[in-house]
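Start counting the sequence shown at 219; every next residue gets the next number (our numbering).
Yeah, the Cβ is synthetic: ideal placement off N, Cα and C, and Gly gets one too.
Here the structure is a predicted model, which means the values were calculated and not measured.
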Amino acid sequence: MQEVIKTGLPEIDTALGGGLINRGTLLISYDKRSLGWVLALKIFKNLLDQVAVGVIFNTTLPLSKLKLRAKYLGLDLEKEGNKGNLYIIDILGSKYNIPQDEPYVYQIKDWSDETALPKLIRLYQELATKIPKDKILVGLVATLEGLYHEFGERFMNNAIKTSLASFEKGELRKLNMVIISLLNREAVPDHITAWLYSLNDQIIEFTSLMTPEGLKETVIIPKSLLPGFRTKCYTMKIAKKQEVKLF
Numbered sequence: 219m220q221e222v223i224k225t226g227l228p229e230i231d232t233a234l235g236g237g238l239i240n241r242g243t244l245l246i247s248y249d250k251r252s253l254g255w256v257l258a259l260k261i262f263k264n265l266l267d268q269v270a271v272g273v274i275f276n277t278t279l280p281l282s283k284l285k286l287r288a289k290y291l292g293l294d295l296e297k298e299g300n301k302g303n304l305y306i307i308d309i310l311g312s313k314y315n316i317p318q319d320e321p322y323v324y325q326i327k328d329w330s331d332e333t334a335l336p337k338l339i340r341l342y343q344e345l346a347t348k349i350p351k352d353k354i355l356v357g358l359v360a361t362l363e364g365l366y367h368e369f370g371e372r373f374m375n376n377a378i379k380t381s382l383a384s385f386e387k388g389e390l391r392k393l394n395m396v397i398i399s400l401l402n403r404e405a406v407p408d409h410i411t412a413w414l415y416s417l418n419d420q421i422i423e424f425t426s427l428m429t430p431e432g433l434k435e436t437v438i439i440p441k442s443l444l445p446g447f448r449t450k451c452y453t454m455k456i457a458k459k460q461e462v463k464l465f
């Protein structure tokens, strides 16, 4: 079993100390103006284009909105799903009974918070049997703040711990895989962010900053459990300040 999975973005692989940890978890944390979520989708798309089958854990948006964000970055969820390269676990649609008939979309029937987690684990194991043994499973949690706001802190904590435990059992235990989670940290309490930072194996943190020149972002990689890793810090210029006359 390989130890490191390349993202297809050399700068990111180098910053993380070599790439993504196989069977590891990557947290991408950002603020409300940040484009950190874009990096997550780029990594996800790159892995799909190379060697992976994707599973999106959707907690935040109706699927039409999720598809819109993916298409913005050149990722056609319908196309990939119909090709067998992608599955979506639609937690939000399950809770609000939003009908879906796409064969690659899975929902939990007869939703209740009390029975959802056992059904979710059975769904994980079912999907694991659909992943070819020569492929990598790349999971994308979109998003953790959505899980917190839609389902509450207790359910979120239990869902994360139960999911992590399930990855060590059955068919999931045999797979090469990586889980990427999105977090708008301004949308959750600080103790939630701190707990998530403790849980994850690798972290990329984006912080936006308005300057006289325009919008910049600081990118910090504070954690990566690969041998020899050292904390990294970068800056990116996102948008140059311009003048506009509206009135």
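- Residue range 228 to 233 is occupied by the alpha helix (DSSP H) that includes Thr232.
- For the stretch 387 to 425, the continuous alpha helix (DSSP H) assignments of 4+ residues that do not extend past its boundaries occur at 408 to 417, in sequence order.
- Going by beta carbons, Leu417 and Leu244 fall outside the 9 Å limit.
- Residue burial is scored here from C-beta neighbours: Thr361 has at least 16 other C-beta atoms within 10 angstroms and is therefore classed as buried.
- Boundaries for Leu245: no alpha helix (DSSP H) harbours it, while the beta strand (DSSP E) harbouring it runs 242 to 248, taken from the DSSP string.
- Per DSSP, Glu435 is one residue of the beta strand (DSSP E) stretching across 432 to 442.
- Restricting attention to Leu401, Lys459, Gln460, Asn300, the CA atom closest to the CA of Asp249 is found in Leu401.
- For Glu423, the number of other beta carbons within 10 angstroms of its own is at least 16, and it is reported as buried.
- With a beta-carbon spacing of about 6 Å, Gly299 and Glu320 fall inside the 8 Å limit used to define contacts.
- If only complete runs of 4 or more residues are kept, the stretch 308 to 349 shows the alpha helix (DSSP H) at 309 to 313, 331 to 346, in order along the chain.
- Of the residues Asn303, Arg372, Ser312, the one whose Cα lies closest to the Cα of Leu345 is Asn303.
- In the three-state scheme derived from DSSP, where H, G and I count as helix and E and B as strand, Gly272 is classed as strand.
- Going by DSSP, Lys458 is part of the beta strand (DSSP E) stretching over 450 to 458.
- By the Cβ neighbour-count rule, Ser330 is exposed, with fewer than 16 other Cβ atoms within 10 Å of its own.
- When secondary structure is reduced to three states using DSSP, Leu265 falls in the helix class.
- Look at Thr278 here: in three-state DSSP terms it is coil, with no helix or strand label.
- Where Leu253 is concerned, there is no enclosing alpha helix (DSSP H), because DSSP gives it neither an H nor an E.
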